[in-house]
Amino acid sequence: MTRCPFSLSRSRFSPATVFFTYACGALELHDWSGFNFELCCCTTNPCDALTYLEHHSADLLITDISMPQMTGIELIEQVRKINPLISILVLSAYDNFEYVRSAMRHGAENYLLKPLDPDELRESISNIVGHIQERAELSGTYGSTMLTFRSLFIENWVKGILSEDEFITRAQMLGINLNLDNYTVMIFTVSASYPQGKEKMAGLFDYLLSLFVGNYISHFYFETPTRLVCIVSSPNQTHSIDSLLSQTDNARIILDFPFFISTGNTVDNYEEVSVSYRNAAKYLFLQYSPMHRIISKDMDLSMVSVSIIERDYDTVPKDIYMEQLKNLFSTIPSSRRSAFVLGTLNWGVFQTSAEMQPEPEIIELLKNIVCDFSDESRVFQYLHTFISTCYEIVDRKHKDQSATYPCVDAVIAAVHEFSDKDISLKTLAARLNMHPSYLGNIFRQQTGYYFNDYVNEERLKYAADLVEHTDMKLKEIVDRAGFSSQTYFNRQFKRKYGAAPNAYRREMKLKNL
């Protein structure tokens, strides 16, 4: 029998499921029936494979990297356009990091080196079959509510609510690729009072879906009927966020819909998506202004500038604060003036608002924002009015806020137990007989932190103290501080302290000596 590198097999556990493989003779002779598969097609030509897939569904593609007609990566890109949910297993004789990285970025579940190890092959296929079955069972169980299940997962992802193990399990069940190296959160929104806002936002959603297909990998959920949140990635990095934003400008004309886009920074792993979301959410207040969009990476300022702008209104008199801002404005480059003004407005909204929903007086001021940042006189006349209004709102809230919140002390005490890896607003709210969102709002008003940010910050401080003052092994410190994995702990620790935990320990010992 002639060996045929491509083969297809039909799954018995789901009649609509097909197995597709680019393989060698060893794979053709493999006992697929043991995995409830039957082989149904073989070909040595990837172009024939694409033709087949245009007319048949498939669950798994097994492909080599090096082929005469096209590379395995090129084949994967084409297959993804036909069937975005297909699982992929890559075989290669090349132990090349870039090949592996590129394959995983395009959603390959594994990358096996030739000559194939039979046990490794069986384990890899068994894992893939498990994921396929989980998705089938999930779809059968939830049926029409599957979209809700997926939307809830995306919301938990951008808000960093799930533990790492729970997150990875759900992502695998939903077939979501976590091996990409660029993720950007985009928030599309319009005021809830806008006429036909819900219908227009639904039309925008349909437009974005057609725009993203074949170019981006995207995940959506509706935060409100008039606010759409999207995680977007480019598997081959040929499509930039800037070009995507330019394309969305057409939607304003086509749909006759003045929506606002706030775009977070691009992060290089799935664990940091919540950072991109928070950076995008910071500037949602600008939806009330004449501006059409904002990109948070363009709003970066030096630490010195941030330390001046982000002064607690309770600790500095208004006149002194305004004088400090004016001095700062005169020293920064003209290219950073927009970042200065919008950063100052953002801080004012943060100081006066709950969940970044501006007070009515602030909304009225935002409608008349000064966008000519070169006109220093007009800019500071506007900022003076804006900041004066913010100080008045803060003073009014202090007078109204005579009650204390013992629930915040209870949350802080629970966080400082540290070893509870599953601590969450949901569990604490149930313990305190409160709604999680209400508890989160109160906690942020009183501490200035989002709950998850506070938990991470306190755990890192506690862990750093253990690293510096004890001889405990890192694994023990990770467990004691309540982190879900050592890999995540190492990454977060280095980001905060500028060094890996062991290097930090050595530096602290030398410093103490």
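Per the numbering used here, the sequence shown starts with residue 56, numbered consecutively.
The beta carbon of each residue, even a glycine, is placed where N, CA and C say it ideally should be.
Next item on the list: Whole angstroms is fine: what's the gap from residue 490's alpha carbon to residue 496's?
Entry: 10 angstroms
Notebook entry, point to check: Per the contact definition of three or more C-beta pairs closer than 8 angstroms, is the segment 320 to 335 in contact with the segment 238 to 255?
Noted result: yes
Margin query: Starting from residue 315, trace the beta strand (DSSP E) in both directions and tell me its first and last residue.
Written below: 315 to 318
Note to self: For residue 557, count the other beta carbons within 10 Å of its own beta carbon; 16 or more makes it buried, fewer makes it exposed. Which is it?
What the structure shows: exposed
Checklist line | Anticipated Cβ contact below 8 angstroms, residue 398 with residue 354, distance rounded | finding: 6 angstroms
Margin query: In chain order, what are the residue ranges of uninterrupted alpha helix (DSSP H) at least 4 long that sit wholly in the segment 425 to 498?
Written below: 431 to 455, 461 to 470, 480 to 487
Notebook entry, point to check: Between residue 554 and the rest of its own chain, which residues show a CB-CB distance below 6 angstroms, the 5 nearest in sequence each way excluded?
Noted result: none
Next item on the list: Output the boundary residues of the beta strand (DSSP E) element that contains residue 544.
Entry: Segment 541 to 552 is the alpha helix (DSSP H) holding residue 544; no beta strand (DSSP E) there.
Notebook entry, point to check: Tell me the DSSP bridge mates of residue 277?
Noted result: 283
Item checked: Selected residue, minimal CA-CA separation from residue 319, among 312, 350, 401 -> 350
Note to self: Judging by CA-CA distance, which residue of 538, 424, 317, 513 is the nearest neighbour of residue 439?
What the structure shows: 424
Next item on the list: Classify residue 239 as helix, strand or coil using the three-state DSSP reduction.
Entry: strand
Checklist line | Pick from 138, 137, 144, 97 that is closest to residue 116, judged by C-alpha positions | finding: 144
Notebook entry, point to check: Start and end of the beta strand (DSSP E) containing residue 262?
Noted result: That residue, residue 262, is in no beta strand (DSSP E); its alpha helix (DSSP H) goes 252 to 267.
Notebook entry, point to check: Can you name the start and end residues of the alpha helix (DSSP H) that residue 147 belongs to?
Noted result: Looking at the DSSP string, residue 147 is not in any alpha helix (DSSP H); the run it does join, the beta strand (DSSP E), is 142 to 147.
Check: So, do the segment 275 to 286 and the segment 216 to 225 have three or more beta carbon pairs nearer to each other than 8 angstroms?
Finding: no
Margin query: Using 8 angstroms as the cut-off, can you tell me whether the segment 432 to 446 makes contact with the segment 367 to 379, which would need three or more C-beta pairs spanning the two stretches below that distance?
Written below: yes
Next item on the list: Using 6 angstroms as the cut-off, classify the Cβ of residue 506 as near or not near the heavy atoms of the ligand ATP, replying yes or no.
Entry: Looking for the ligand ATP in the displayed structure turns up nothing, as the structure carries no ligands at all.
Notebook entry, point to check: According to the neighbour-count rule (16 or more other Cβ atoms, all chains shown, within 10 Å of its Cβ), is residue 308 buried or exposed?
Noted result: exposed
Next item on the list: Report yes if the C-beta distance between residue 255 and residue 312 is below 7 angstroms; otherwise report no.
Entry: yes
Check: In terms of residues, what are the limits of the beta strand (DSSP E) holding residue 119?
Finding: 115 to 119
Next item on the list: Helix, strand or coil for residue 646, going by three-state DSSP, please let me know.
Entry: Nothing in the structure corresponds to residue 646, since the chain is present only between 56 and 568.
Item checked: CB contact flag (residue 323, residue 430, <7 angstroms) -> no
Checklist line | Under the three-state DSSP convention, the category residue 423 falls into | finding: coil
Notebook entry, point to check: What do you reckon, are the CB atoms on residue 463 and residue 510 nearer than 7 angstroms?
Noted result: no
Next item on the list: Would you tell me roughly how many angstroms separate the C-alpha atoms of residue 302 and residue 436, rounded to the nearest one?
Entry: 36 angstroms
Notebook entry, point to check: What number of angstroms, rounded off, separates the C-alpha of residue 271 from the C-alpha of residue 131?
Noted result: 14 angstroms
Next item on the list: Reducing DSSP to helix, strand and coil, say where residue 124 ends up.
Entry: coil
Note to self: On the CB-based measure, 16 or more other CB atoms within 10 Å of its CB, does residue 337 come out buried or exposed?
What the structure shows: buried
Margin query: Restricting to runs no shorter than 4 residues, where is the alpha helix (DSSP H) found entirely within the segment 324 to 405?
Written below: 328 to 336, 358 to 364, 373 to 384
Next item on the list: Quick one: grab the DSSP three-state call for residue 167.
Entry: strand
Next item on the list: Closer than 7 angstroms by C-beta to residue 547: which residues in its own chain qualify, once you throw out the five before and the five after it? Chain order, please.
Entry: 511, 515
Note to self: Measuring only the C-alpha atoms, how far is residue 565 from residue 518?
What the structure shows: 19 angstroms
Check: residue 272 by DSSP, collapsed to three states: which one?
Finding: strand
Notebook entry, point to check: If you follow the alpha helix (DSSP H) that residue 102 is part of, which residue opens it and which one closes it?
Noted result: 101 to 110
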